[in-house]
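Notes follow the structure.
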Amino acid sequence: MSESERESTRRPIRELVDDRLLDELLARSRDEAGGLRLTGEGSMLGDLVKAVLERALEAELTAHLGYDKHAAAGYGSGNSRNGKISKTVQTGVGPVRLAVPRDRAGTFEPVLVPKRAGRVSGGLDDMVISLYAHGMTVRDIVHHLDQVYGTRLSAETVSRITEQVMEEVKAWQRRPLDPIYPVVFLDALMVKVRDDHVVHNKPAYLAVGIDIDGDKHVLGIWVPKAADGPTGEGAAFWRGVVADLRNRGVHDILIACCDGLAGFEDASTTACPRTTVQSCVVHLIRTSLRPVPRKHRAAVAAELRKIYTAPDADAALDALAAFAGTDLGRRYPQAVRAWEAAWERFIPFLAFTPAVRKLLYTTNSIESLNYQLRKVTKARGHFPTDDAVVKLLWLAIVNIEDKRARQRAARTRQDGARTGYPGRLIEGTKTYGWAEALNELAAAYPGRIQ
């Protein structure tokens, strides 16, 4: 029987519960002021959870012994019921005090409420992980659960719950990728990490790739070690990143768009010698406008626009020379030098029509994601480890962007289509105007887009 058929034949809980029972539960759940307590110790839902758990524990013991309570089959069986022990467990509706049955031989190991377990997992674990993914610290979660639900968990317990997702994070970081990505964007998110008892400002680098279908996917998250330097932008670090992508199946990247990451160009050239490294034009504009006071920014920005909207590289070079000869160019030579320093990485942008230029103009597709991730990370003073950074960023990415992937996975399970298709993040986020851009990229890089 399929899941949908089981759902259709399942009787609603309301039909199974007698009105007199509900009235009694409601009466018992009212506090001294006459208010209704749904959660917490002694509440309506707490009593229901207690009754269900104790009933299920009795059923577990019956299955373990092999005979019903007071059944004649138990005589001479070598094991029997041996009373109950009181135990308080934390649940999604608050603390619940249970009477856990025991057997005389001491071989009964409850599955629903394991021995030495102080909580019933499931919904509570999901709640903790969801709160963590939304940016709450461990101590904030402890306070929130105690204040709202009357559920008391230690900071160590909350940390252990969030650690459960690390296997998923590692599997995601190692998942196979497509052999070719026409465009990959790279950007950094600055976080504070404690490393060797010292808190450092470290970048967490994210890569977002656009596949052949025009869908955007987060390819990975990389946090450099302290040995890689203050920003991690060393050749050794980037060789490791590029090697990781290749080991996961990426054989070709047409264009890598980034903000002048030192060491990346050399590493990518070694691993993918045909990859074009393109500077983010928006970052270049920001860099050149940084030394310009507010009163002159509009005028300088208008001059810079003539450079990046030029029809070709020669016209752009003429526009840069013309700007350098103006009063503004002479007053702010740093703006001119910023373009001269990045010229070789800027001009590939000019070889395309507006369809591709619009795609390469900015790393906004990854910056918008970083903007949402910063809202999650800013609540933390610092992270204890690099793994903690990757764990939170992964949870936040799943929380922000993975809704469509989950819906597709549900459809896949339902109709059996696309079996084994890899789960991907930022699922369903399309690149506008991709068909026209892909045709131009295929013509510009013949034989590389299959």
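Read left to right, the sequence shown gives residues 8 to 457 (the working numbering). Ideal Cβ placement from N, Cα and C applies to all residues, glycine included.
A distance of 8 Å or more separates the beta carbons of residue 247 and residue 437. For residue 87, DSSP records no beta bridge to any residue. Non-local C-beta neighbours of residue 299 in its own chain, meaning closer than 6 Å and more than five positions away in sequence, comprise 307, 339, ordered along the chain.
Around the beta carbon of residue 224, 16 or more other beta carbons lie within 10 angstroms, which makes this residue buried. The C-beta distance from residue 173 to residue 394 rounds to 7 Å, short enough to fall under 8 Å. Distances from the CA of residue 359 to each of 117, 376, 56, 319 were compared; the closest alpha carbon is that of 319. In this structure, DSSP gives residue 197 an extended state, which the three-state scheme calls strand. Restricting attention to 202, 140, 26, the CA atom closest to the CA of residue 232 is found in 202. Membership of residue 223 in the beta strand (DSSP E) is indicated by the continuous run 223–229. Secondary structure at residue 133: helix, using DSSP grouped into helix, strand and coil.
Within the stretch 316–348, the runs of alpha helix (DSSP H) that reach at least 4 residues and sit entirely inside it are, in chain order, 320–331, 334–338, 340–348. With 16 or more neighbouring CB atoms inside 10 Å of its own CB, residue 145 falls in the buried class.
Within the same chain, Cβ atoms closer than 6 Å to the Cβ of residue 353 are found at 286, the five residues on either side in sequence being excluded. Residue 214 sits in a strand when the DSSP states are folded into three classes. Residue 197 has its alpha-carbon roughly 27 Å from the corresponding atom of residue 189.
Annotation for residue 400: 211, 228, 380 place their beta carbon closer than 7 Å to its own, counting only its chain and skipping 5 residues before and after. In this structure, the CA atom of residue 255 is about 43 Å from the CA atom of residue 326. Annotation: the stretch 258–300 contains the following complete segments of the beta strand (DSSP E) (minimum length 3 residues), in chain order: 259–265, 283–286.
Closest option to residue 182, judged by alpha-carbon separation, among 141, 252, 164, 60: 252. Within a 10 Å sphere around the beta-carbon of residue 82 sit fewer than 16 other beta-carbons, which makes this residue exposed. Rounded to the nearest angstrom, the Cβ distance from residue 120 to residue 96 is 6 Å, consistent with a contact under 8 Å. Around the beta carbon of residue 398, 16 or more other beta carbons sit within 10 angstroms, so the residue counts as buried. For residue 105, the beta-bridge partners assigned by DSSP are 94. Counting along the chain, the unbroken alpha helix (DSSP H) around residue 244 starts and ends at 242–254.
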